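Below you'll find the structure, written out as structure tokens, and then a few comments.
There are 2 protein chains.
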Amino acid sequence: MSGGNQTRGDMTGAQSLLGTMMACGVDACFANPGTSELHLVAALQTEERVRSVLCLFEGVATGAADGYSRMKGKPAATLLHLGPGMANGWANLHNAKKAKTPLINLVGEHATWHLPLGASLTSDLEGLSASISDWTKVTKTSSDVGADMAEAYQKSMAKGGQIATLILPANTTWETGGVVGSPLPPEPLNQISSAEIEKAAAILTSGRRVAILTTGPSLVGEGREACTRIAAKTGAKMFCNGLNRQMERGAGRMEFTRLSGWGQVTLEVLAKFDDLIIVGTGLPVLSFAHPEFESVLVPEGVEVTKLASAEDDVTGVFVALSDAVGAPAESDVEKLLTKRTEYDLVTGPLTADAIGRAINKFMPEGAIISDESGTGGAGHYPITGGAIPHDILFLTGGSIGQGLPVALGAAIACPDRKVINLQADGSAMYTLQALWSIAREKCDVTVVMFSNRQYGILMRSLGQYGISGLPNRVPDLFDLSNPDLQWAKLAEGMGVEGHTCDTAEDFNRIFEDCMGRKGPQLIDAVI
Amino acid sequence: MSGGNQTRGDMTGAQSLLGTMMACGVDACFANPGTSELHLVAALQTEERVRSVLCLFEGVATGAADGYSRMKGKPAATLLHLGPGMANGWANLHNAKKAKTPLINLVGEHATWHLPLGASLTSDLEGLSASISDWTKVTKTSSDVGADMAEAYQKSMAKGGQIATLILPANTTWETGGVVGSPLPPEPLNQISSAEIEKAAAILTSGRRVAILTTGPSLVGEGREACTRIAAKTGAKMFCNGLNRQMERGAGRMEFTRLSGWGQVTLEVLAKFDDLIIVGTGLPVLSFAHPEFESVLVPEGVEVTKLASAEDDVTGVFVALSDAVGAPAESDVEKLLTKRTEYDLVTGPLTADAIGRAINKFMPEGAIISDESGTGGAGHYPITGGAIPHDILFLTGGSIGQGLPVALGAAIACPDRKVINLQADGSAMYTLQALWSIAREKCDVTVVMFSNRQYGILMRSLGQYGISGLPNRVPDLFDLSNPDLQWAKLAEGMGVEGHTCDTAEDFNRIFEDCMGRKGPQLIDAVI
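In order, the protein sequences belong to chains W and V.
So for the first sequence, the numbering used here puts the first residue at 1470; every next one is plus one.
So for the second sequence, the numbering used here puts the first residue at 1470; every next one is plus one.
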């Protein structure tokens, strides 16, 4: 076959896939292909309306698709090679799944007759996919490819966002008989009854002290605005998960308070309320169990109302609730909106606080922060809250190695916006290959690497679990300092301009410069 | 808890795990731990008899465990963090599984009561493990940890080598009541009946032209010697898979001919025989299906005898067969043994042939080659066959990103032997984090990076599938040259001395120097 246009009868499965992708509006594919995906590659490379981005590791592809989809609100595709390819992408699919990001995996498989023969790359791809995908389908024939792709799109957009995986045996892509699939109608979101809305509204207007916990669509656009009105009208306090898909933040927006998964703090915060209404997420729980503490972080005496799950119409709930409490659109919310707060830059040793100040000062409006700053960088957060309006994307599933790929995907999705990746060094190592794609695609990404040269979160955990008596203060298994990672060299090795600094004044100067021009940069911030 | 010795009643599950590992002889653990494995880390860090090696990505840990186990003939352990950790290690577990390498995964999981609560790192770990492991068990209580570990060891050594995965809920590691498990008796290998051995011997001595296809234990030690005697006595031709766990090669050893998974060549080679006897592997098949070719690579007219599978006593089969054909130990095999063949070094443009000559000349006796040289480096193979005795380890499952981790593990297993990693650049990117562990552990590894800056195997496939008409000769999705990866910088960024060269004379000089001293080195061979 060649990649050119052909008549319908001649259309290969691969060509029908591309046609269906375009019909559904899937316009980006983050790819790490192999021999079983050759015909998909041939179709992709002759179709400029779908942006193909080569990733040198599949965890980059899935994380980038997640970042793209978060910013676009519709799925990007990945192109993965057999079981190993999907496995390499699994960890960032986990993050996307927890984020409820719509995402479509196109995974090549051996031809139908070849699969039982046990060739070296044969594996349990279907079982693997089932362990992470919300929906998996194995295409049977080339004539099914288009319809299956349309279904994958529909499923990815269902229930608030899902991981849809379409497994394509190689012969279904090279055989003719392909038919472009028609986009399917969206599956309607589950609606919350007006009786339940009224019940929640009654709690909110009862004079009791009410906290609302949410995430996902409530933190952007219409959902965020409805939440703001509800809080302004009723005095309810708005909380969100610690880890959220996308949050519109900064001056002119209400600050949602993130609940920590680290226990005591969350219990103390929530103890000040009579009621906790949960919308679009689950009960607050510890990130990890602890021998001495309850896993569920709801203080005694707090009444919990589970109003909606992540699969329900979360935005609709808040819009309905804002009406029910008498806070319709155009209500006055001014008092709750964050004011632009400027901080003086500092000099001296480099800290997350110092970095936060520089970000606050120099970040351009509409920037997108991909935040995997970890223990070393968390100190930026209170300071960046008062910056000019921006978006911030979090490590939703706790599976480290998401920040760089998400930055790549967000930059492809929003080429006119500056992307800042606040990145912990240990986490960055899982998917550092993203730097190469960032360089190749000339993405406007500035990476701030918080180099504390240890698994800081595990050091913190040691204390929390009361583990002592180990031979070294930093156990070898948590220590990244021997040898030190040289991030500027790693960046340059993949075509990204690299800088290193260990004073605030150097950081300030370099960061200001990065904000003032376009293109990929990495600052190794040794803290 | 502290890591010190405690009486039996006080022993934690984690401590009982370590005690059982030592009782079974598991003396290396390639680790990438998290909070759910803290107590296992504490136990490991206070026990010097188990070598703990920190890996900055789990695919490095599983690949290194594979390399270690291949050289030791007994399992190393990995220590992995929850579902994402196991997923990141999956691809190299696939390679280990195809190699039939005994390997034990210790995977931390949320505490038993915490798992149903949906904390952010909750996932279908059991389903994931089932998709790759030969044996999976979830430990129920701290008092079971020791016995479960002993069973994991037994299962890893069963059926010729298996992937055994023990999932350890965090509370089973921190709770006391641990009991060191007693090593279990090995599960006996399935024996092939003497009637079947006699039948095969009859074929071998019938005067018909016989090919034998094998892999695994037949390529080392006793198995290799028996194969050599059979070939010398009967004139049978010994073939092995293209991708093998470990092969003893070089002067003084018989050369097994590797069968390619690329079709036509294999059919032509096998057409010269009347019989094909298969021992310890499957039918030769194409690596990937092709629209126009049969997947099974057995020419018409060749009689196939499946004598033993990889789960049977493969070494025992060859020893019995050598007796049955009248070729007992001490038979004369001299005529079949490879002679030391020296090649002149060349100058000029750098090629795989030129590199093979330098390896042939300078490689020290007993070196271990971790071969993931791919399309760019395959040219070394005919030349290194005549080198002094060495071992060569292959990319057994075709899942790329194995060469560097296997080199790490082999170097830890055999600290007195030089390890040479012949590495394709595209493949290296999947697990380049191995370089950091190689530097930290001061491994005696020289990496030769064959930088052709493309997915060469996919370029070859394009031709084989007759795909043409794409906009660029090297499609963007196969092209690693924009920007070029700078491997010397990537190496130095992780603490490994890096060199770059693009002429044979430069390579010869640098490689000779690397062979003459110890320690980690990377040569970016731009071909």
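C-beta: ideal position from N, C-alpha, C; glycine also.
Owing to the predicted nature of the structure, the values given are computational and were not obtained by experimental measurement.
Within chain W, the residues that residue i reaches when beta carbons sit closer than 8 Å
{"i": "Q1715 (chain V)", "result": "What Q1715 (chain V) touches in chain W: nothing, since even the nearest Cβ is about 16 Å away."}
{"i": "S1930 (chain V)", "result": "T1504 and L1507"}
Burial state of residue i, where buried means 16 or more other Cβ atoms lie within 10 Å
{"i": "L1594 (chain V)", "result": "buried"}
{"i": "M1470 (chain W)", "result": "Bear in mind that a pLDDT of 35 at M1470 (chain W), under 50, signals an unreliable position, so the number given afterwards is only what the model happens to contain. When all chains shown are included, M1470 (chain W) counts as buried."}
{"i": "V1875 (chain W)", "result": "buried"}
{"i": "E1841 (chain W)", "result": "buried"}
{"i": "R1678 (chain V)", "result": "exposed"}
{"i": "W1582 (chain W)", "result": "exposed"}
{"i": "E1644 (chain W)", "result": "buried"}
{"i": "S1538 (chain W)", "result": "buried"}
{"i": "K1566 (chain V)", "result": "buried"}
{"i": "L1728 (chain V)", "result": "buried"}
{"i": "R1929 (chain W)", "result": "exposed"}
{"i": "N1659 (chain W)", "result": "exposed"}
{"i": "M1898 (chain V)", "result": "buried"}
{"i": "P1944 (chain V)", "result": "buried"}
{"i": "G1473 (chain W)", "result": "No answer about G1473 (chain W) holds up, because its pLDDT of 41 lies below 50 and its placement is not dependable."}
{"i": "E1799 (chain W)", "result": "exposed"}
{"i": "E1769 (chain W)", "result": "exposed"}
{"i": "D1971 (chain W)", "result": "exposed"}
{"i": "T1489 (chain W)", "result": "buried"}
{"i": "D1860 (chain V)", "result": "buried"}
{"i": "E1761 (chain V)", "result": "exposed"}
{"i": "L1862 (chain W)", "result": "buried"}
{"i": "A1856 (chain V)", "result": "buried"}
Assumed close pair residue i, residue j - CB separation to whole angstroms, cut-off 8 Å
{"i": "T1683 (chain V)", "j": "C1709 (chain V)", "result": "6 Å"}
{"i": "T1423 (chain W)", "j": "A1779 (chain W)", "result": "Nothing can be reported for residue 1423 (chain W), as the shown portion of chain W is limited to 1470 through 1996."}
{"i": "P1553 (chain V)", "j": "S1868 (chain W)", "result": "4 Å"}
{"i": "A1821 (chain W)", "j": "I1996 (chain W)", "result": "7 Å"}
{"i": "M1618 (chain V)", "j": "P1544 (chain V)", "result": "Not confirmed; about 11 Å, so no contact."}
{"i": "G1730 (chain W)", "j": "S1592 (chain V)", "result": "Actually they do not touch by this definition, with Cβ atoms about 16 Å apart."}
Identified DSSP bridge partners for residue i
{"i": "T1547 (chain V)", "result": "V:F1499 and V:N1574"}
{"i": "I1838 (chain V)", "result": "V:I1861 and V:I1889"}
{"i": "N1659 (chain W)", "result": "W:D1781"}
{"i": "V1754 (chain W)", "result": "W:V1765"}
Contact list for residue i against chain V, beta-carbon separation under 8 Å
{"i": "F1725 (chain W)", "result": "What F1725 (chain W) touches in chain V: nothing, since even the nearest Cβ is about 17 Å away."}
{"i": "H1579 (chain W)", "result": "F1757 and A1758"}
{"i": "Q1484 (chain W)", "result": "Result: empty, since nearest Cβ-Cβ is about 12 Å, beyond 8 Å."}
{"i": "N1951 (chain W)", "result": "R1909"}
{"i": "Q1514 (chain W)", "result": "L1939, P1940, N1941, P1944, D1945 and L1946"}
{"i": "S1521 (chain W)", "result": "D1945 and L1946"}
Under 7 Å by beta carbon: chain W residues contacting residue i
{"i": "S1764 (chain V)", "result": "W1582, H1583 and L1586"}
{"i": "V1510 (chain V)", "result": "P1944 and L1946"}
{"i": "L1658 (chain V)", "result": "In chain order: nothing, as chain W lies at least about 20 Å away."}
Partners in chain V for residue i, counting only beta-carbon separations shorter than 7 Å
{"i": "G1867 (chain W)", "result": "S1589 and L1590"}
{"i": "Y1934 (chain W)", "result": "L1507"}
{"i": "E1961 (chain W)", "result": "Q1955 and K1958"}
Where residue i meets chain W, residues with beta-carbon distance less than 9 Å
{"i": "Q1902 (chain V)", "result": "M1898, Y1899 and L1901"}
{"i": "A1876 (chain V)", "result": "In chain order: nothing, as chain W lies at least about 18 Å away."}
{"i": "S1600 (chain V)", "result": "G1552, A1556, S1592, D1593, L1594, E1595, G1596, L1597, S1598, A1599 and S1600"}
Interface partners of residue i on chain V, CB under 9 Å
{"i": "W1417 (chain W)", "result": "In the structure displayed, chain W extends from 1470 to 1996; residue 1417 (chain W) sits before or after that span and is not available."}
Residue i: CB within 7 Å of a non-hydrogen atom of the ligand ZN
{"i": "G1646 (chain V)", "result": "The ligand ZN is absent from the structure shown, which contains no ligands of any kind."}
Worksheet item: Can you list, in chain order, the residues of the region 1729 to 1761 of chain V whose Cβ is nearer than 8 Å to any Cβ on chain W?
Response: G1730, G1751, L1752, V1754, L1755, S1756, F1757, A1758 and P1760
Using a Cβ-Cβ cutoff of 7 Å, what residues of the region 1543 to 1574 of chain V are near chain W? List them in chain order. G1552, P1553, A1556, N1557, W1559, A1560, H1563 and K1567
Got a sec: which bits of the region 1630 to 1653 of chain V sit with their beta carbon under 9 Å from any beta carbon on chain W, in order along the chain? P1638, A1639, N1640, W1643 and E1644
- Task: Would you list, in chain order, the members of the region 1675 to 1691 of chain W that have their beta-carbon closer than 9 Å to a beta-carbon of chain V?
- Result: none
Taking beta-carbon pairs under 8 Å, can you tell me which members of the region 1486 to 1501 of chain W lie near chain V? A1500
By the 8 Å beta-carbon criterion, what residues does the region 1774 to 1791 of chain W contribute toward chain V? none
Under 7 Å, CB to CB, which of the residues in the region 1976 to 1987 of chain V have a partner in chain W? none
- Query: Taking any Cβ of chain W, which residues in the region 1695 to 1712 of chain V have a Cβ under 9 Å from it, in chain order?
  - Reply: N1710, G1711 and L1712
Any residues in the region 1837 to 1860 of chain W with a beta carbon nearer than 9 Å to a beta carbon of chain V? Which ones, in chain order? none
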